[in-house]
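K.L.:
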Amino acid sequence: MSTTLVWILFILMGLITVALRGSFIVLQDRLSLPPLIRRALTYVPQAVLAAIVAPALFSSSDVTLIGFDVRLPAAALALVVATRTKNVLATLGVGMGVLWILTAVAQRVS
Amino acid sequence: MAFSRRAYLAGFRDVSPMFLGIVPFGMITGVSAVSVGLSPTEAIGMSILVFAGASQLAAIALLGQGAGVLVILLTTFMVNLRMAMYSASLAPLLAPIRAPMRAFLAYLMTDQAYGFSILTFRRDPTMPRRDYYLGVATPLWILWQFATAAGAFIGAQVPPSWQLEFAIPLTFLALLAPAIRDRPGLVAALLGGGLSLALVNLPYNLGLVLASLIGISAGTLAERIWPPASPTTGEEGAK
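Top line first, the protein sequences correspond to chains A and B. Just remember that our numbering sits 113 ahead of the position in the first sequence, which is counted from 1. Just remember that our numbering sits 730 ahead of the position in the second sequence, which is counted from 1.
(1) If you pair each beta-carbon of the segment 789-801 of chain B with each one of the segment 765-779 of chain B, do three or more pairs fall below 8 Å?
(2) Residue 190 of chain A touches chain B at which residues, Cβ-Cβ below 7 Å?
(3) Please confirm if the segment 885-898 of chain B is in contact with the segment 132-148 of chain A, defined as three or more CB-CB distances below 8 Å between the two stretches.
(4) Whose Cβ in chain B lies nearer than 7 Å to the Cβ of residue 136 of chain A?
(5) With DSSP collapsed to three states, give me the class of residue 840 of chain B.
(6) Is the Cβ of residue 776 of chain B closer than 8 Å to any Cβ of chain A?
(7) What is the rounded straight-line gap between the Cα of residue 177 of chain A and the Cα of residue 743 of chain B?
(8) Strictly under 8 Å for the Cβ-Cβ distance: is residue 893 of chain B near chain A by that measure?
(9) Between residue 215 of chain A and chain B, is there a C-beta pair that is closer than 8 Å?
(10) Taking the alpha helix (DSSP H) that residue 130 of chain A belongs to, which residues open and close that run?
(11) What three-state label does DSSP hand residue 1027 of chain B in the structure shown?
(12) Please tell me whether residue 868 of chain B has its Cβ less than 8 Å away from any Cβ of chain A.
(13) Which of the three DSSP states is assigned to residue 146 of chain A in this structure?
(14) If we cut at 8 Å on Cβ distances, does residue 809 of chain B have a partner in chain A?
(15) List, in order along the chain, the chain B residues whose C-beta lies closer than 8 Å to that of residue 196 of chain A?
(16) Under 8 Å, Cβ to Cβ, is there at least one residue of chain A near residue 757 of chain B?
(17) By the three-class DSSP mapping on this structure, what secondary structure does residue 219 of chain A have?
(18) Looking only at C-alpha atoms, which of A:208, A:160, A:182 and A:213 sits nearest to residue 938 of chain B?
(19) Pick out whichever of B:784, B:777 and B:751 has its Cα sitting closest to the Cα of residue 879 of chain B.
(20) Give the residues of chain B in contact with residue 170 of chain A, contact being defined as C-beta atoms less than 7 Å apart.
(21) Which residues bound the alpha helix (DSSP H) around residue 159 of chain A?
(22) Taking all protein chains shown into account, decide if residue 896 of chain B is buried (16 or more other Cβ within 10 angstroms of its Cβ) or exposed.
(23) Quick one: Cα of residue 888 of chain B to Cα of residue 848 of chain B, how far?
(24) Return no unless some Cβ of chain C is closer than 8 Å to the Cβ of residue 932 of chain B.
(25) Since residue 181 of chain A sits in a beta bridge, which residues does DSSP pair it with?
(26) Mind checking whether residue 926 of chain B and residue 158 of chain A have CB atoms under 8 Å apart?
(27) Give every residue of the same chain whose Cβ lies closer than 8 Å to the Cβ of residue 864 of chain B, excluding the five residues on either side of it in the sequence, and list them in chain order.
(28) Check whether the segment 805-812 of chain B touches the segment 781-793 of chain B, taking contact to mean three or more Cβ pairs, one atom from each stretch, closer than 8 Å.
(29) Does any CB atom of chain A fall closer than 8 Å to the CB of residue 780 of chain B?
(30) Which whole runs of the alpha helix (DSSP H) in the segment 867-915 of chain B are 4 residues long or more, in chain order?
(31) Is it right to say residue 181 of chain A is buried, meaning 16 or more other beta carbons lie within 10 angstroms of its own, or is it exposed?
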């Protein structure tokens, strides 16, 4: 993507975000959300975050160990830590740590 | 309306435990931005223009995959849709404030600004709202800008062999785990993630959009089988 297009993208992202944030606060009573939409909105984070995460976690890196992509065990352990601790830093530490260790091992083996 | 120092400091005090979480999250966002090829200036510009962590990280991940503008904008819309919910919830409480100031407050909206404000305004109706909200929101804004800038400059020095771009899905994983509080939420996540993986070869990352929409619908439908967890304030923990 060209530099100009990147800046246009960021400006449009900013406009969309501020429109969502400002929607009701600025326009007050001139807007209303139907109850069904309100309920559906509660599931937006789970569905969207999972949809972003899944392909990124399982996208293959160049490094494999006994036939497995080293990102898989790293992601699996990070998932366990994420559900147990709900802590971003712990999840990152374990995920990146396992990735680095396995990458080092794989490079030594090959 | 005179500025209430007391209200500003009350907001600042309430949000201060969050500072420790914002800084690393901002730095991850800055590091990730340069790991997919953005310049530090672009990373900083994005933080100022968008100022919404999860959607910035999503856009960075998509830029790294070579996604098109339209898909990134749709994703921004969906990731930040919850802000419209916060906006609806806060609107009556902020109604007496002048419109230009309300627009400024809206730009500063975060999960934390909403969460602390709604709880405090309900508990204490005499709290000066504009200044309490500013007390929560402005320190987060400043920290976010410095943290993403620091991350971008540090990230630019790190060699690609560290695979720092893997921090993006890991961070999302950590945000996703606490967001799943009930079975309908789990259904939404499983379908969103599973379908997105299955449809990963659709052009323009449209699989992401389709999978999200189906996941959201499935979660809403699943409420008929399993009752949802009691509604929360929408406090998501990290920004």
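No residue lacks a Cβ here, since even glycine has one placed at the ideal position from N, Cα and C. Remember, it's a predicted structure, so these values are computed and weren't measured experimentally.
P.N.:
This is what the structure holds:
(1) yes
(2) For residue 190 of chain A, no chain B residue has a C-beta closer than 7 Å to its own C-beta; the minimum C-beta separation is roughly 10 Å.
(3) no
(4) 814 and 817
(5) coil
(6) Taking Cβ atoms only, chain A reaches closer than 8 Å to residue 776 of chain B, which makes this a yes.
(7) If I take the Cα positions, the gap works out to 48 Å.
(8) yes
(9) It does not: the Cβ of residue 215 of chain A has no partner Cβ on chain B nearer than 8 Å.
(10) 116-140
(11) Examination of residue 1027 of chain B is not possible in this model, given that chain B is present from 731 through 969 alone.
(12) no
(13) In the structure shown, residue 146 of chain A falls within a coil segment according to DSSP collapsed to helix, strand and coil.
(14) Look at residue 809 of chain B: its C-beta is under 8 Å from a C-beta on chain A.
(15) 907
(16) no
(17) helix
(18) A:160
(19) If we check each option's Cα against that of residue 879 of chain B, B:777 comes out closest.
(20) 899
(21) 157-171
(22) buried
(23) Between the alpha carbons of residue 888 of chain B and residue 848 of chain B lies a gap of roughly 41 Å.
(24) The structure shown contains no chain C; its protein chains are A and B.
(25) A:178
(26) no
(27) 738, 741, 835 and 838
(28) Between the segment 805-812 of chain B and the segment 781-793 of chain B, the count of Cβ pairs shorter than 8 Å is three or higher; the stretches touch.
(29) yes
(30) 897-909
(31) The residue is exposed, with fewer than 16 neighbouring Cβ atoms inside 10 Å.
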